[in-house]
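Report on the following structure.
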Amino acid sequence: MFEPFYEVVFNVSKNITENKTALGRPVIGVMPAFFPMELIDAAGGYPVQLWGNNLSLGKSDAYLQAFSCSVARSVLELELIEGARMVEGYAFTSICDTLINLRELYRRLFPKPTVELSIPITRTDEARRIYLKSVIASVISGLEDITGTKVTSESLTKASSLHARTRELQRQLYYIRAEKSGLIKNYDFYVTIKAGFFLPRSVYNQMLEDLLEKLDKLPQPKGKRTKIVLSGMVFDPIEIYKIFDDLNIDIVDDDFANGWRTVSKGPLEVADIVEGVTSYVFNPAPCCCLYNPDNDRHPYLVDKAKKAGAEGVLFWYIKFCEPDAFDRPQLIQRLKDEGIPASFFDVELSMTNFDAIKTRIDAFSEMIKG
Ligand code: SF4
């Protein structure tokens, strides 16, 4: 059932190159997080999402400190070793200092054009809209320069509908996972979501539809299993899901920036694109990288864990990710105050030995079981 998704995730370059040829569109690499990829599609581009990779780091050490996160270091490494030849331009957001600086590095080091969706740190919707008005105009004209195609209201509407459909199908997958806990292996689930980073929407949507049809007919497996929720920025390295599978732990929901925080987003409203992008970026899930005091992560996460029937919450921490680190101690305390066990482990995307993580997950599972 999941083989087509595996084929994509384990042959990323080949798949992107083939799709690029078939579409005849320039590939735009999308850096984390929350860049509305609808804009790229509407401008005639082919967006692929770069949430880091498992390359061992070498050349990037000359430009980024060892205490930068492995997401930023690994995407830079990919460009430096010329592993992203098929990517013709990059779209950044300003969700953290590391990414803001990374864009400046790209501008200085590489001839490939970049655009940046600078996200405002301000409280009201009105202030956000005022700020984003000029930002979005500049992003759209930058994308049009890369692709040579003008964005029109028709192309925006079509792209919005395609991407909204993707997220709707992904949400259905999330609901099946929660309702029929144990039916989808954790590893299969995240491979399926990850495949969507690299495929054109129409191809990925069809694959998801086929999968959902098959899953719909299957019953929930019998037997008691431990249920948990994960929270973090990036759900890699995916090898870790095999540990959860081996220990009979079901991830019944998540709060990943490249998981539910993105999947939960509604359609990009294009009638007023400034209004639409403002709403898209800041809603509905809160994120440690978005200043939005009206959408507090503490009650949100407690509610998420309770609704999912989770017996605990694990924080999947990408080492040196400052925004995520700042939030974590208070979030863990709040969950514990509500009687929900919570803990964390830290990862680097290039890691290959998961023994220590296995020990931590096992210990957490034992603690939950009491
Ligand atoms: S993992 Fe954290 S520090 Fe790294 S790019 Fe993402 S938000 Fe920024």
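In the numbering used here, the protein residues as written are 11 to 380.
For glycine and all other residues, C-beta sits at the position ideal for the given N, C-alpha and C.
Between which residues of its own chain and Trp-326 is the CB-CB distance below 6 Å, once the five residues before and five after are set aside? Leu-240, Gly-242
Using 8 Å for Cβ pairs, my map puts Phe-45 next to Thr-103. What's the rounded Cβ distance? Rounded, the Cβ-Cβ distance is 5 Å, consistent with contact.
Would you say the beta carbon of Leu-300 comes nearer than 7 Å to a heavy atom of the ligand SF4? no
Going by the C-beta, is Pro-42 closer than 7 Å to any heavy atom of the ligand SF4? yes
Continuous alpha helix (DSSP H) stretch holding Thr-167: start and end: 163-189
Which class does Thr-27 belong to by DSSP, given the choice of helix, strand or coil? Helix at Thr-27.
For Lys-426, which three-state DSSP category applies? Any property of residue 426 remains undetermined from this structure, which presents the chain solely from 11 to 380.
Confirm, please, whether the CB-CB distance from Val-262 to Ala-188 is below 8 Å. For the pair Ala-188 and Val-262, the CB atoms are nearer than the 8 Å cut-off.
Taking the Cβ atom as the reference point for each residue, do Leu-345 and Ala-315 lie within a distance shorter than 8 Å? yes
Ordered along the chain, which non-local residues of its own chain (more than five positions away) have a Cβ less than 7 Å from that of Pro-231? Cβ within range, chain order: Gly-192, Leu-193.
From the DSSP output, in three-state form, read off Glu-126 for me. strand
Quick check on DSSP: helix, strand or coil for Leu-386? Because the chain is modelled from 11 through 380, residue 386 falls outside the range shown and cannot be assessed.
First through last residue of the beta strand (DSSP E) which encompasses Glu-48: Element bounds for Glu-48: not the beta strand (DSSP E) but the alpha helix (DSSP H), 47-52.
Using a Cβ-Cβ cut-off of 8 Å (strictly less than) and excluding sequence neighbours within five positions of Glu-219, which residues of its own chain qualify? Leu-179
Buried or exposed for Glu-28, going by 16 or more other Cβ atoms inside 10 Å? exposed
Does the segment 88-106 come within contact of the segment 116-132, defined as at least 3 CB pairs closer than 8 Å? As far as the Cβ criterion goes, the segment 88-106 touches the segment 116-132, which means the pair count is three or higher.
Between the alpha carbons of Ala-282 and Ile-140, how many angstroms are there, rounded? Reading off the sequence shown, one finds Asp at residue 282, where the question assumed Ala. Near 13 Å, if we compare the C-alpha coordinates of Ile-140 and Asp-282.
In whole angstroms, what separates the C-alpha of Phe-364 from that of Ser-274? Straight-line Cα distance between these residues: approximately 30 Å.
Is it buried or exposed, Asn-21, if we count other Cβ atoms within 10 angstroms and call 16 or more buried? exposed
With burial defined as no fewer than 16 other Cβ atoms inside 10 Å of the residue's Cβ, what is the status of Ser-289: buried or exposed? Taking all protein chains in view, the Cβ of Ser-289 is crowded by 16 or more other Cβ atoms within 10 Å, so the residue is classified as buried.
Helix, strand or coil at Ala-76 according to DSSP, with G and I counted as helix: coil
Could you tell me whether the segment 139-154 touches the segment 70-80, where touching means 3 or more Cβ pairs closer than 8 Å? no
How would you write the range of the beta strand (DSSP E) that Lys-131 sits in, first residue to last? Residue 131 is actually Ile in this sequence, not Lys. Per DSSP, Ile-131 belongs to no beta strand (DSSP E) and is neither H nor E.
Who does Asp-264 pair with in a DSSP beta bridge? Answer is Leu-240.
Rounded straight-line distance, which links the Cα of Gly-319 to that of Asp-312: The question names Asp, yet the displayed sequence has Val at residue 312. Their backbone Cα atoms lie some 11 Å apart in a straight line.
If we ignore side chains and look at the alpha-carbon of each, how far apart do Ile-156 and Pro-36 end up? The straight-line gap from Cα to Cα measures roughly 8 Å.
From this set, Thr-236, Cys-106, Ile-146, Tyr-200, which residue's C-alpha is nearest Tyr-251's C-alpha? Ranking the options by Cα distance to Tyr-251, first place goes to Tyr-200.
Give me, in chain order, the residues of the same chain whose beta-carbon lies closer than 7 Å to that of Leu-257; leave out the 5 immediate sequence neighbours on both sides. Ile-371, Asp-372, Ser-375
Verify whether the separation of the beta carbon atoms of Ser-360 and Ser-70 is less than 8 Å. No, Cβ-Cβ distance for Ser-360 and Ser-70 is not below 8 Å.
Given the structure, does Pro-130 come close to the ligand SF4, in the sense that its CB is under 7 Å from one of the ligand's heavy atoms? no
Name the DSSP beta bridge partners of Ser-353, please? In the DSSP assignment, Ser-353 forms a beta bridge with Leu-324.
For Val-40, the residue or residues it bridges with in DSSP: Gln-59, Ala-101
Pick from Arg-271, Asp-198, Asn-25 that is closest to Asp-260, judged by C-alpha positions: Ranked by how close their Cα comes to the Cα of Asp-260, the residues Arg-271, Asp-198, Asn-25 have Asp-198 in first place.
Hey, out of Met-47, Val-357, Asp-347, whose CA is closest to Asn-64's CA? Val-357
I need the DSSP call for Ile-259, collapsed to helix, strand or coil. Here Ile-259 sits in strand by DSSP.
Quick one: is the Cβ of Val-323 within less than 7 Å of any heavy atom of the ligand SF4? no
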